[in-house]
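**Student:**
Number of protein chains: 2
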Amino acid sequence: MPASKTKGHAAVCPISNERVELLVTEIIGRVADKWTMLILEELEQHGTLRFTEVRKCVPGISQKMLTQTLRQMERDGIVLRTVHPVVPPHVDYELTELGGCLGEAFCGVWQWAEKNFARIEKSRAAFDKRAEKAATKTAATR
Amino acid sequence: MPASKTKGHAAVCPISNERVELLVTEIIGRVADKWTMLILEELEQHGTLRFTEVRKCVPGISQKMLTQTLRQMERDGIVLRTVHPVVPPHVDYELTELGGCLGEAFCGVWQWAEKNFARIEKSRAAFDKRAEKAATKTAATR
DNA sequence: CGGGATCCTTAAGGATACTG
DNA sequence: CAGTATCCTTAAGGATCCCG
Numbered sequence: 001m002p003a004s005k006t007k008g009h010a011a012v013c014p015i016s017n018e019r020v021e022l023l024v025t026e027i028i029g030r031v032a033d034k035w036t037m038l039i040l041e042e043l044e045q046h047g048t049l050r051f052t053e054v055r056k057c058v059p060g061i062s063q064k065m066l067t068q069t070l071r072q073m074e075r076d077g078i079v080l081r082t083v084h085p086v087v088p089p090h091v092d093y094e095l096t097e098l099g100g101c102l103g104e105a106f107c108g109v110w111q112w113a114e115k116n117f118a119r120i121e122k123s124r125a126a127f128d129k130r131a132e133k134a135a136t137k138t139a140a141t142r
Numbered sequence: 001m002p003a004s005k006t007k008g009h010a011a012v013c014p015i016s017n018e019r020v021e022l023l024v025t026e027i028i029g030r031v032a033d034k035w036t037m038l039i040l041e042e043l044e045q046h047g048t049l050r051f052t053e054v055r056k057c058v059p060g061i062s063q064k065m066l067t068q069t070l071r072q073m074e075r076d077g078i079v080l081r082t083v084h085p086v087v088p089p090h091v092d093y094e095l096t097e098l099g100g101c102l103g104e105a106f107c108g109v110w111q112w113a114e115k116n117f118a119r120i121e122k123s124r125a126a127f128d129k130r131a132e133k134a135a136t137k138t139a140a141t142r
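Printed below as a string of structure tokens:
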């Protein structure tokens, strides 16, 4: 169990630690988002993509969410957005180096999900069965 | 750049691959959640915690979200919930082995956030400055 | 084509009150 | 103590239209 998480930072950096932790937490909250992760994954796999291409790669995402998420990622320095001043417009998206690092960091989570999805499904089924039993029992009691 | 993400699964497993991908995506969506990650982190760091203790460790979480998230995690087999039949009630939460693995997988993301939060802040500031400039320019034009 | 602006609907999430 | 149940508010997110 690797111990160097947020707490490990304390000894190193003297600047207000609650602030750092809040910041890190906020970043985690921003980055640990469904669409962000999916877009990240696609850009990592395909390299550079245009707006419409990203949209095709991420099924189910609305144009609004795509724009919004890409903007956030651009703002955070995860994605590089290049506008080619031609008509009709041509906009390219690609990961920055920072974004690439994040992609690699998330890789472990993807692998975890891939490796364990069957276990998770089983656990869910078992949980639901127990819950159902409990429910019928409660119904019988009253 | 490790290439074995969802796509890498294709060659190994013959069962409907879209289904697997959907499942994995769904799991990612579930697990890549702010509260889930924070609770995971606390349980990994403290071992076993009671309901109220978790609540204290995760500032800002409402009791509703805490219950809800813990239930989801229990259902997914990430967290083990132990009820001691005493009065007043005593309920313990701890990570399962599966949960521990997930914690380790997420560790990379935490480290990424810790390492790069300054860069991200700078990127955001720069982005906002550019946006502001663009806005005043637009305002001047009309 | 790549969005911005607007409207509208659903759902996430907080506050409060009650219970075994 | 560790929840469940209810209400209520905010905001996420989809659909639509339009524009450079």
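Line by line, the protein sequences are chains P and Y.
Going by UniProt numbering, the first sequence opens with residue 1, and the numbers climb by one from there.
Going by UniProt numbering, the second sequence opens with residue 1, and the numbers climb by one from there.
For every residue, glycine included, the Cβ atom is placed at its ideal position computed from N, Cα and C.
1. If you count every other CB in all the chains shown that lies within 10 Å of the CB of Y/Ile27, and 16 or more means buried, which is it?
2. Near Y/Gly47, which residues of its chain fall below 7 Å by C-beta distance, leaving aside the five closest residues on each side in sequence?
3. Going by the beta-carbon positions, is the gap between P/Trp112 and Y/Leu102 smaller than 8 Å?
4. Which residue comes first and which comes last in the alpha helix (DSSP H) that contains Y/Thr36?
5. Between the segment 55-66 of chain Y and the segment 114-132 of chain Y, do at least 3 Cβ pairs fall closer than 8 Å?
6. How should Y/Gln72 be labelled, buried or exposed, when 16 other C-beta atoms within 10 angstroms of its C-beta is the threshold for buried?
7. Return the chain-ordered ranges of every alpha helix (DSSP H) run that is complete within the UniProt domain "HTH hxlR-type" (13-121) of chain Y and spans a minimum of 4 residues.
8. Does the segment 38-55 of chain Y come within contact of the segment 84-100 of chain Y, defined as at least 3 CB pairs closer than 8 Å?
9. Would you report the Cα separation of P/Leu98 and P/Leu38, rounded to the nearest angstrom?
10. Would P/Ala105 and Y/Gly29 be called neighbours here (beta carbons separated by less than 8 Å)?
11. P/Met37 CB to nearest chain Y CB: under 8 Å?
12. Please check if any C-beta of chain P sits within less than 8 Å of the C-beta of Y/Thr82.
13. Select from Y/Ser16, Y/Asp76, Y/Ala126, Y/Thr52 the residue whose C-alpha is nearest the C-alpha of Y/Pro88.
14. Taking Cβ to Cβ, would you say Y/Leu70 is nearer than 8 Å to Y/Thr96?
**Tutor:** Quick look at the numbers:
1. buried
2. Glu94
3. yes
4. 34-46
5. no
6. buried
7. 17-31, 34-46, 51-57, 63-75
8. yes
9. 16 Å
10. no
11. yes
12. no
13. Y/Thr52
14. no
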